[in-house]
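Beneath this line is the structure, given in structure tokens, with notes to follow.
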Amino acid sequence: MALTSATFPAGEAEKESARTRCSGRLRDVRSTQRDIVRFQEGSPQRAVDHLVTEEPLELRIADTPIAVVMRTPGDDADLALGFTLTEGVLLEPDELTGVTEIGENRLRLDLARGVRVDPEQFRRNLYTTSSCGVCGKASIDAVRITASKVVTEIPITAHVLAELPRRLLVEQETFLDTGGLHAAALFDFEGRLIEAREDIGRHNAVDKVVGAAARRSWPFGAMVLFVTGRISFEIVQKAAVVGISCVAGISAASSLAVDLARELGVTVVGFVRNKGFNLYTGLVG
Numbered sequence: 014m015a016l017t018s019a020t021f022p023a024g025e026a027e028k029e030s031a032r033t034r035c036s037g038r039l040r041d042v043r044s045t046q047r048d049i050v051r052f053q054e055g056s057p058q059r060a061v062d063h064l065v066t067e068e069p070l071e072l073r074i075a076d077t078p079i080a081v082v083m084r085t086p087g088d089d090a091d092l093a094l095g096f097t098l099t100e101g102v103l104l105e106p107d108e109l110t111g112v113t114e115i116g117e118n119r120l121r122l123d124l125a126r127g128v129r130v131d132p133e134q135f136r137r138n139l140y141t142t143s144s145c146g147v148c149g150k151a152s153i154d155a156v157r158i159t160a161s162k163v164v165t166e167i168p169i170t171a172h173v174l175a176e177l178p179r180r181l182l183v184e185q186e187t188f189l190d191t192g193g194l195h196a197a198a199l200f201d202f203e204g205r206l207i208e209a210r211e212d213i214g215r216h217n218a219v220d221k222v223v224g225a226a227a228r229r230s231w232p233f234g235a236m237v238l239f240v241t242g243r244i245s246f247e248i249v250q251k252a253a254v255v256g257i258s259c260v261a262g263i264s265a266a267s268s269l270a271v272d273l274a275r276e277l278g279v280t281v282v283g284f285v286r287n288k289g290f291n292l293y294t295g296l297v298g
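Residue numbers (our numbering): 14 to 298.
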């Protein structure tokens, strides 16, 4: 998938944190410096802190906005591809041929010849906040996306699950710097890391990691999606839409997430620690 983008405006990079990186040609600013007053043992001291960057990103198809997501800049092309797949806008990764930056925090999604979508069908009435991936949907029916039942032939083992929090933590560079990001990762059932991404929104982190894996044509069927936030309905739905058979995390699952997972055959595991976890539904070997 081709990526094109405008260059940085002169001097903009100097205004941001030293923890500014460029991925491809799209803007990538994970954290930003701000002056703060830090209190330690009741004594105030001026300091400089690194805060996770949160900015809007507008996604367009055929010059029609379909979503505005509040995200952490970086891996925006992965976010765009993952969003279109997990939201059911596109069915296959190769239906998206390019992501073009047409202004600051605004991307145009270029579709393959012959691919037809109705942007209005997926357009949100409101923007999507960093904490809510379904906010702005026009109706209750629009929240639920059709997903096929997921088939798992070989379940992940308890031993592998217990290792995943540690393996994800070493990939959370910006979280260790700011303490303010979610992360999502895809592992195979032997615990090998496929992709990992960070974002202020847990649903964005999922879209980023799905997009990254899709660009590399990784098969989703024998993967576990591991997340740092709670396992909500939208997270399970995004996983099921692309065929991920297991969702696990360090936090709890919601009731609706578990109900949907049982309906679609997705294994859901929460509170994963090195000494145990909660199996809400599905199989663990």
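Cβ atoms here follow ideal geometry from the backbone N, Cα and C, with glycine treated the same way.
Cα-Cα separation between residue i and residue j, rounded to whole angstroms
i	j	result
PHE273	VAL249	Strictly speaking, residue 273 in this sequence is Leu, with Phe absent from that position. C-alpha separation (whole angstroms): 7 Å.
VAL240	GLU68	21 Å
LEU238	ARG179	14 Å
ARG34	PHE52	Because ARG34 sits at a pLDDT of 37, beneath the cut-off of 50, its placement in the model cannot be relied upon, and the following sentence gives the value as read from the coordinates. So the two alpha carbons sit approximately 31 Å from each other.
ASP123	GLY298	42 Å
SER143	ASN217	Note that SER143 scores 49 on pLDDT, short of 50, meaning its location in the model is unreliable; the coordinates nonetheless yield the value given after this. Taking the straight line joining both Cα atoms gives about 8 Å.
ALA225	SER56	45 Å
ALA80	GLU186	28 Å
ASP91	VAL223	7 Å
GLN46	GLY87	17 Å
ALA270	GLN58	44 Å
GLU108	ILE257	20 Å
ALA252	VAL61	38 Å
VAL130	LEU103	8 Å
ALA227	GLU54	49 Å
THR97	ALA125	13 Å
LEU177	GLY111	33 Å
THR99	HIS63	31 Å
ARG275	SER267	12 Å
GLY101	GLU184	28 Å
Residue of the options minimising C-alpha distance to residue i
i	options	result
GLY283	LEU277, GLU276, LEU292, VAL254	LEU292
LEU182	GLY87, ARG43, SER267, ARG210	ARG210
ARG121	ALA93, PHE233, ASP131, ALA225	ALA93
PHE200	PRO168, ARG215, LEU103	PRO168
GLU71	GLU208, ARG119, LEU189, VAL50	ARG119
ALA265	GLY242, VAL254, VAL255, ASP190	GLY242
SER44	ARG205, GLU184, ASP212, GLY127	ASP212
ARG286	ILE263, THR280, GLY204, GLY295	ILE263
GLY295	VAL260, SER267, SER268	VAL260
THR66	VAL82, VAL42, ASP89	VAL42
GLU208	ARG275, GLU276, ARG229, VAL82	ARG229
PHE202	MET236, LYS221, LEU189, GLU184	MET236
Where residue i falls, given that 16 or more other Cβ within 10 Å makes a residue buried
i	result
GLY95	buried
GLU105	exposed
GLU247	buried
LEU139	For LEU139, the pLDDT reaches just 41, beneath the cut-off of 50, and the residue's location in the model is therefore unreliable, although a value from the coordinates is still provided. LEU139 should be labelled exposed.
ARG84	buried
SER161	exposed
LYS288	exposed
VAL164	exposed
GLY24	Reliability of the predicted coordinates at GLY24 is poor, the pLDDT of 33 falling under 50, and no value is obtained from them.
SER245	buried
ASP48	exposed
VAL50	exposed
GLY234	exposed
ARG205	exposed
Beta strand (DSSP E) segment containing residue i, residue limits
i	result
ASN291	289-294
SER268	Careful: SER268 lies outside any beta strand (DSSP E), inside the alpha helix (DSSP H) at 268-277.
ALA93	Premise fails: ALA93 lies in the alpha helix (DSSP H), 89-99, not in any beta strand (DSSP E).
GLU205	Just to set this straight, residue 205 is Arg in the shown sequence, not Glu. Neither: ARG205 is in no beta strand (DSSP E) and is coded neither H nor E.
LEU64	56-65
Residue range of the alpha helix (DSSP H) that includes residue i
i	result
VAL222	215-228
LEU189	186-191
ILE248	246-255
LEU160	Sequence check: residue 160 is Ala here, not Leu. ALA160 -> no alpha helix (DSSP H), and no H or E assigned at all.
VAL42	Note, VAL42: premise wrong, no alpha helix (DSSP H); not H, not E.
LEU72	That residue, LEU72, is in no alpha helix (DSSP H); its beta strand (DSSP E) goes 68-74.
ARG180	171-182
Task: the stretch 69-82 contacting the stretch 103-120, beta-carbon criterion three pairs below 8 Å - done: Contact holds between the stretch 69-82 and the stretch 103-120, because three or more Cβ pairs, one in each stretch, are under 8 Å apart.
Open item on the list: Quick check: the stretch 167-177 against the stretch 185-194, are at least 3 beta-carbon pairs closer than 8 Å?
Closed with: no
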